[in-house]
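A.B. asks: Numbered continuously in our numbering, the sequence shown closes out at residue 1130.
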Amino acid sequence: MSRGAIARRNLVEDESTKKYTLRIEGMTCAACAQTVEGALRGIPGVISASVNFPVERAFVVANPSVSFAMLKKAVEDAGYGVREKEESGDENTKRLQIAGRKMFWAWLLTGPVIILMILQMIFGIMIPGLNWIYLVLSAAVLFWPGLNTYRAAIKSVLHGFANMDVLISMGTLSAFLTGPAQLGGLPVESYAGVAAMIMAFHLTGRYVESKAKGRASQAIKRLIELGAKTARIVVDGEEKEVAIEDVKPGDTMVVRPGEKIPTDGVVVSGRSSVDESMATGESMPVSKKEGAEVIGATINQEGILRVRATRVGKETFLAQVIKMVEEFQGSKVPIQQFADRVIAVFVPIVLVIALSTFTLWLGFPHFFYSVAQWASAFLPWVTPDVGRISLAIFAAVAVLVIACPCALGLATPTAIMVGSGMGAERGILIRSGEAIQTLKDANIIVFDKTGTITRGKPGVTDVVALGSADKLLSFASSLEAASEHPLARAIVEHARERSVHAMAVTDFEAISGKGVMGLVDGRKTLIGNRALMEAERIDYSNVAEEIRRLEGEAKTTIMISVDGHIYGVIAIADTLKEDSQVAIGQLKQMGLLVAMITGDNARTGNAIARKVGIDRVLANVLPEAKAKEIQRLQTEGFRVAMVGDGINDAPALTQADVGIAIGTGTDIAIEASDVTLVRGDLSAVVTAIKLSRATFNKIKQNLFWAFFYNIVAIPLAMFGLLHPVIAEIAMAASSVNVVTNSVRLKRARI
């Protein structure tokens, strides 16, 4: 199925299905996430289910026949729980503190074991009853701070699957039981002390991994914290402070300087500057006055504003951003599919490998013994003289604790979590993991012209005056102030920006299709096109050459006549956004072909293209034909990213391999897109592509190291070349490395 077809299907799903986010309890590794995912997908009516292990959430799209209770039961039947409420920051901290205490007690009990081992192995000091001491201390570590590991393993097995806890449990118990076996007279080396060390390192790895995952998953927490907790509303003429949950649409809120705007709304009185960086990533404050829209959680900087609430609760901009970030974090990148297939069978395969290792050591002792003897020359922990049963146990335990599906399971979601947070902070909202992979592969960027490359409204570009430019603008703006035409407003706005003095106007008359006329300061003034000047017998030959030049640049020209004489020409066009030329230049430097699609004629389209450095122009394209033009580019072999903002861009955004909507556009354009840019400038497109490339590079790095670690480590463990304790350290380090490597994405220059 093509990307466009998938997007169209998703739009239909949004209209006819339900979306659920479940907060899962009890997952300890990536294999657990796979089990929960499989249980949810097995429910009739569930269209898709994705489980994010690091943030402990399941994201489900299902038919209306599927209820939350059905989903919860499936999760519980698989051996896990569903939290009804979001975990608070205090609860999360408490959970981390519990993990820290377990780690502390594990090392407090394991410390004496390590000291006794050093005294015995390095200094040759033999302590009476040493094996009993090892057994007592190890049992305390395994069945006190390590007890939950065994509980999780038992629960996993009882529900018919095996997770990482099963591997750790089998490894530590196998090592521990060699102690009683030796005391019982069996010819085996005691690894009871090693079992305690393995569990201590395992609990340390869990603690460090949880802290690292917390750093990677800060995006949504920070977004939630941005919201205001209270609002000051006007009730019966008096101000009253209420909880943000009690604000209703239509309430008038009073926002003083330095305060957060409680929720989305419209300014009804006051004038101020507002810091909207949390929404757009743009550091410059935005001027607000009566009638201006404001975004909840942005900060009022100067004057007092009265704001009428328009959207509250889940309808606010911030709530929608949080929802999109959550959905993005719950999605999967196509490259992860192979890793998921490996994780699904990982633990059973490792169990088979561990059993095979034990059997092979007993069946072919001479071969493995020769390897161990060779390795003992440079690996002090390899001791061939302990006997083949001990060596077989040593190797099998190492296999059990070295294998790590967690690193594979964390590789993609942690990078996605960090990338989504970076995007949200910069006003870039990505809907899916598929989009982030596809965006970095795009080789052509197609921009809609109006409202995307240009501002979407006319502006004065040239003032050609035969005398004083300010005098020309004074006559023109004074007369045009009485007109409602968009071109008239452009002239008035330009004059206001230049602080041009306005004059009195009488006898104003609009002439359809030609222009306007009237008395400005008592002087007959005409503003219009050739037809108006010719009808009034005004000679404009002295500006004819300028008119041809300006019209050749795809600009609309307007002549101004005062008392029968031409004063000059004003040129108006849909002006470029300030950063269009720079952004398009950067995209080309990144190796992308840049095209523009427009309903304008070729002359106008090419004039704009020349200004901004666009390579290819698709002109005279009707709104309904834009999607076909995108499809034609795809048949030529291009991977297309389409950038647009209007309602007529939605089909083209859907057809493109990646649809990018300018956030200042309509909701339907945003809904049809894969990426939403909250800022209206094109530099955000450059940032989005850089972010996609940086995030995907981290995903590839994480997957490489996760696979490489297991591919190298498991064979070494099979041949007895890895001490089980070193194996456990390496296993924990591999997971932490993947998470910290994802966190390093924050340093990327985007």
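Yeah, the Cβ is synthetic: ideal placement off N, Cα and C, and Gly gets one too. For clarity, every value in this text was computed on a predicted model and none was experimentally measured.
1. Just curious, the beta strand (DSSP E) that LYS904 is in, first and last residue?
2. Among the candidates ASN1090, PHE1088, LYS1080, whose CA atom is the shortest distance from the CA of PRO714?
3. Between the segment 485 to 501 and the segment 429 to 448, are three or more C-beta pairs nearer than 8 Å?
4. What distance in whole Å lies between the Cβ atoms of SER711 and GLU814, which are believed to be in contact at a cut-off of 8 Å?
5. Which residues does DSSP pair with HIS945 in a beta bridge?
6. Look at the alpha carbon of THR832 and the alpha carbon of GLN961, and state the distance between them as a whole number of angstroms.
7. List in chain order: all unbroken alpha helix (DSSP H) runs of 4+ residues lying wholly within the segment 509 to 558.
8. Looking only at C-alpha atoms, which of GLU916, ARG910, SER879, ARG1059 sits nearest to ASP959?
9. Would you list the one or two residues that DSSP bridges to ALA458?
10. In terms of DSSP beta bridges, what is ILE404 paired with?
11. Secondary structure at ASN1082, three-state DSSP: helix, strand or coil?
12. Using the Cβ count rule (16 or more neighbours within 10 Å means buried), how would you classify LYS837?
13. Locate the beta strand (DSSP E) running through ILE891, then write down its first and last residues.
14. Starting from THR660, follow the alpha helix (DSSP H) in both directions and report where the run begins and ends.
15. Where does LEU967 land, buried or exposed, given buried means 16+ other C-beta within 10 angstroms?
16. Leaving aside the five residues before and after GLY630 along the sequence, list all residues of the same chain whose C-beta is less than 7 Å from its C-beta, in chain order.
17. What residue ranges within the segment 664 to 692 form continuous beta strand (DSSP E) runs of no fewer than 3 residues, ordered along the chain?
18. Should ILE810 and GLY801 be called a contact, given that it needs their Cβ atoms to be closer than 8 Å?
19. Would you mind giving the Cβ-Cβ distance between ILE604 and ASP644, rounded to the nearest angstrom? I have them listed as a contact below 8 Å.
20. Taking just the CA atoms, how far does LEU1096 sit from GLY461?
21. Return the first residue and the last residue of the alpha helix (DSSP H) that PHE726 is part of.
22. May I ask you to list the residues that DSSP assigns as paired with VAL1119?
23. Quick one: give me the first and last residue of the alpha helix (DSSP H) that GLU1171 is part of.
24. On the criterion of 16 or more Cβ atoms from any shown chain inside 10 Å, does HIS582 qualify as buried, or is it exposed?
25. I need the boundaries of the alpha helix (DSSP H) containing GLY993, first residue and last residue.
26. Taking C-beta to C-beta, are ARG586 and ALA479 nearer than 8 Å?
27. Less than 7 Å between C-beta atoms, sequence neighbours within five positions excluded: which residues of the same chain meet that for ASP655?
28. DSSP has PRO838 in a bridge; who is on the other side?
29. Short check: CB of ILE927 to CB of VAL896, under 8 Å?
30. For the segment 548 to 560 against the segment 1069 to 1089, do three or more pairs of beta-carbon atoms, one drawn from each stretch, fall closer than 8 Å, so that the two count as touching?
31. Please report the residue range of the beta strand (DSSP E) in which GLY1039 lies.
32. Where does GLY564 sit, in a helix, a strand or coil, going by DSSP?
33. In chain order, which continuous runs of the beta strand (DSSP E) of length 3 or greater are located wholly inside the segment 736 to 807?
C.D. replies: According to the data block:
1. Segment 903 to 908, the beta strand (DSSP E) holding LYS904.
2. It is LYS1080 whose Cα lies nearest to the Cα of PRO714.
3. Flag = no, the segment 485 to 501 and the segment 429 to 448 do not touch.
4. Your pair GLU814 and SER711 checks out as a contact, with CB atoms roughly 7 Å apart and the cut at 8 Å.
5. HIS945 is bridged to VAL942.
6. The straight-line gap from Cα to Cα measures roughly 12 Å.
7. Entirely contained in the segment 509 to 558, the alpha helix (DSSP H) runs reaching 4 residues are, in chain order, 510 to 523, 527 to 538.
8. Nearest of GLU916, ARG910, SER879, ARG1059 to ASP959, Cα basis: ARG1059.
9. For ALA458, which the question treats as bridged, DSSP gives no partner whatsoever.
10. Per DSSP, VAL462.
11. ASN1082 falls in the helix class under three-state DSSP.
12. So LYS837 counts as exposed.
13. According to the DSSP assignment, ILE891 belongs to the beta strand (DSSP E) that extends over 885 to 891.
14. Annotation for THR660: the continuous alpha helix (DSSP H) segment containing it runs 657 to 660.
15. The residue is buried, with at least 16 neighbouring Cβ atoms inside 10 Å.
16. For GLY630, where only same-chain residues beyond five positions count, the Cβ hits under 7 Å are ARG688, ALA689.
17. As far as the segment 664 to 692 is concerned, its whole beta strand (DSSP E) runs of at least 3 residues are 666 to 668, 685 to 691.
18. Between ILE810 and GLY801, the C-beta gap is not smaller than 8 Å, which leaves the two residues out of contact.
19. Contact between ILE604 and ASP644 fails: their C-beta atoms lie close to 16 Å from each other, not under 8 Å.
20. Their backbone Cα atoms lie some 37 Å apart in a straight line.
21. Note, PHE726: alpha helix (DSSP H), 716 to 743.
22. Under DSSP, VAL1119 takes part in no beta bridge, so it has no partner.
23. There is simply no residue 1171 to check, as the chain begins at 381 and stops at 1130 in what is shown.
24. So HIS582 ends up on the buried side.
25. First-last for GLY993: undefined, no H or E at that position.
26. It is a contact, given that the beta carbons lie within the stated cut-off.
27. Here the set comprises PRO665, THR678, ILE679, GLN681.
28. Partner residues in the beta bridge of PRO838, as assigned by DSSP, are ASP954.
29. No.
30. Counting Cβ pairs under 8 Å, fewer than three are found: no touch.
31. Residues 1038 to 1042.
32. Looking at GLY564 - three-state DSSP - the assignment turns out to be coil, as it is neither helix nor strand.
33. Listed in chain order, there is nothing to give.
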